[in-house]
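**Q** So that you can map any letter, position 75 of the sequence shown is 75 in the UniProt record's numbering, and since no number is skipped, the others follow by simple counting. No residue lacks a Cβ here, since even glycine has one placed at the ideal position from N, Cα and C. I'd like to ask you about the structure that follows.
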Amino acid sequence: MATEVLDPRVYCDFAGLVKLQSQVHAFSFLPKMQAATVMSGRHSSRFRGRGLNFEELRHYQLGDDIRNLDWKVTVRTGKPHVRMYTEEKDRNVLLAVDQRSGMFFSSTEVMKSVVAAEIASLSGWRVLKDNDRVGFNIATPNYIVHQKSQRSQNDLLRELRLLARYNQALSVESVDVPQVQFSDWIKRIAQLKLKATTIVIISDWHDTTEQDIKHIQHLQRHNDVLSVLISDPMEESLPQTVSKKNWVIGDGHYQLSLDTSNKVLEANKTLQAQSNLKREQLIKIMAMNKMPLIELDTSGEHIKQFKRAMGGVI
Numbered sequence: 001m002a003t004e005v006l007d008p009r010v011y012c013d014f015a016g017l018v019k020l021q022s023q024v025h026a027f028s029f030l031p032k033m034q035a036a037t038v039m040s041g042r043h044s045s046r047f048r049g050r051g052l053n054f055e056e057l058r059h060y061q062l063g064d065d066i067r068n069l070d071w072k073v074t075v076r077t078g079k080p081h082v083r084m085y086t087e088e089k090d091r092n093v094l095l096a097v098d099q100r101s102g103m104f105f106s107s108t109e110v111m112k113s114v115v116a117a118e119i120a121s122l123s124g125w126r127v128l129k130d131n132d133r134v135g136f137n138i139a140t141p142n143y144i145v146h147q148k149s150q151r152s153q154n155d156l157l158r159e160l161r162l163l164a165r166y167n168q169a170l171s172v173e174s175v176d177v178p179q180v181q182f183s184d185w186i187k188r189i190a191q192l193k194l195k196a197t198t199i200v201i202i203s204d205w206h207d208t209t210e211q212d213i214k215h216i217q218h219l220q221r222h223n224d225v226l227s228v229l230i231s232d233p234m235e236e237s238l239p240q241t242v243s244k245k246n247w248v249i250g251d252g253h254y255q256l257s258l259d260t261s262n263k264v265l266e267a268n269k270t271l272q273a274q275s276n277l278k279r280e281q282l283i284k285i286m287a288m289n290k291m292p293l294i295e296l297d298t299s300g301e302h303i304k305q306f307k308r309a310m311g312g313v314i
């Protein structure tokens, strides 16, 4: 029986996600950013990562933290001794990947859902190469799937296989259940009570609310949150030729007939205003921790766009 060949613009497959491993050498997941952020690298991270490594036991010196005094050794020898530690700086990285029905859209080259899956895979391979832990939190039309961070190629391969399966399950008939709205997704991530984690949210952010932004602010108190915004040109501006084709657009609840140029113009004003507001909100929330907003589109250049945004060599 012949294996069905998937159109890579519409669906990703497991083999393709695995092949992205070869592209991680061309960019760094640790861009040149302010030293206070997790993504500036394990040597300047403000977060502790997995904890502390014991380095040595030595005589107390002026300026040493007295909290590190080893009282047993001090009493036994009659001289103050301190235990010295070095911080482990490997990161836990959680890739939150949107594979809901709204991501199954493109007016140009590649579906937003494919862009999200491939960027997640590329990031996963980069994190693993840095010997850090990577986990996945995937929002699908029916449920939200979580896998805690692991430092294992086998675990990553298993997650990529599942990611490809969820991606291929999307279609024009996909409908999201009420429990997978963006608000539910962010709440689920918040309930994980993550600490010192880099959380990469890869989505079109189309149903983000002001309350969601507040939840992300809360996440940023103990983590670094990196926003990846995937957009399609038609989500910001409809072509004027639409009025001649009598298009009818809808959001699942309401419909609008675009049968005149004025209606298209008004629709474009609304779309542009919504896009600008969403972008401004994300830029503002990312700026609080001096993190960038990474913007990708559906032109098929998303890998290059992501590498460039992450400070990579194209």
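Return the residue from the list Arg188, Lys290 and Gly135 that minimises the CA-CA distance to Gly124.
**A** It is Gly135 whose Cα lies nearest to the Cα of Gly124.
**Q** Along the chain, where does the beta strand (DSSP E) that runs through Asp155 open and close?
**A** Here Asp155 belongs to no beta strand (DSSP E); instead the alpha helix (DSSP H) covers Gln153 to Gln168.
**Q** Considering only DSSP beta bridges, list what Val73 is partnered with.
**A** Looking at the DSSP assignment, Val73 forms no beta bridge with any residue, so it has no partner.
**Q** Pop quiz: Ser107 and Asp232 are said to be a contact at Cβ under 8 Å. What is the actual Cβ separation, rounded to whole angstroms?
**A** 5 Å
**Q** I want to know whether the region 3 to 17 touches the region 101 to 115 - three or more CB-CB distances under 8 Å.
**A** Yes: the two stretches touch, three or more of their Cβ pairs being nearer than 8 Å.
**Q** Nearest to Gly16 by alpha carbon, out of Thr197, Arg165, Thr298 and Ala26?
**A** Arg165
**Q** Measure the beta-carbon distance from residue 320 to Ile294 and round it to whole angstroms, keeping in mind my assumption that it falls under 8 Å.
**A** As shown, the chain starts at 1 and ends at 314. That puts residue 320 outside it, with no answer to give.
**Q** For Tyr143, which of Ser149, Ser174, Arg76 and Gln217 has the nearest alpha-carbon?
**A** Considering only alpha carbons, the answer is Ser174.
**Q** Closest to Ser100 by CA distance: which of Leu170, Arg76 and Leu94 is it?
**A** Just to set this straight, residue 100 is Arg in the shown sequence, not Ser. Arg100 has its Cα closest to that of Leu170, out of Leu170, Arg76 and Leu94.
**Q** Mind checking whether Asp204 and Ile230 have CB atoms under 7 Å apart?
**A** Closer than 7 Å, so yes.
**Q** Check this for me: beta carbons of Gln272 and Glu236, under 7 Å apart or not?
**A** yes
**Q** Please report the residue range of the beta strand (DSSP E) in which His146 lies.
**A** Ile144 to Gln150
**Q** Decide if Thr77 is buried, meaning its Cβ has at least 16 other Cβ atoms within 10 Å, or exposed.
**A** exposed
**Q** Can you check which of these residues, Lys72, Val75, Val73 and Pro80, is closest to Asp65 by C-alpha distance?
**A** Pro80
**Q** Work out the CA separation of Val110 and Lys269 for me, nearest whole Å.
**A** The straight-line gap from Cα to Cα measures roughly 25 Å.
**Q** Whole angstroms are fine: how far does the CA of Gln305 sit from the CA of His25?
**A** 15 Å
**Q** Output the distance between the C-alpha atoms of Lys214 and Asp176, rounded to the nearest integer angstrom.
**A** 23 Å
**Q** Closest to Val73 by C-alpha separation, out of Val93, Asn154 and Leu57, would be which residue?
**A** Leu57
**Q** Mind reading off the beta-carbon distance from Val97 to Leu163? Whole number of angstroms is fine, and I expect it under 8 Å.
**A** 7 Å
**Q** On the DSSP letters alone, give me the boundaries of the beta strand (DSSP E) that Leu194 sits inside.
**A** Note, Leu194: premise wrong, no beta strand (DSSP E); not H, not E.
**Q** Taking only three categories from DSSP, how would you classify Val228?
**A** Val228 carries a strand assignment under DSSP once its states are collapsed to helix, strand and coil.
**Q** Does Glu118 pass the burial test, meaning 16 or more other C-beta atoms within 10 Å, or should it be called exposed?
**A** Flag for Glu118 reads buried.
**Q** Taking the CB atoms as reference points, tell me whether Ile189 and Asn137 lie closer together than 7 Å.
**A** Yes, Cβ-Cβ distance for Ile189 and Asn137 is below 7 Å.
**Q** Compute the distance between the beta-carbons of residue 316 and Asn92, then report whether it is under 7 Å.
**A** Outside the displayed range of the chain (1 to 314) lies residue 316, so it cannot be described from this structure.
**Q** Nearest to Asn167 by alpha carbon, out of Ala139, Leu156, Pro178 and His59?
**A** Ala139
**Q** Within 10 angstroms of the Cβ of Glu266, are there 16 or more other Cβ atoms? Answer buried if so, exposed if not.
**A** Exposed: under 16 other Cβ atoms inside 10 Å.
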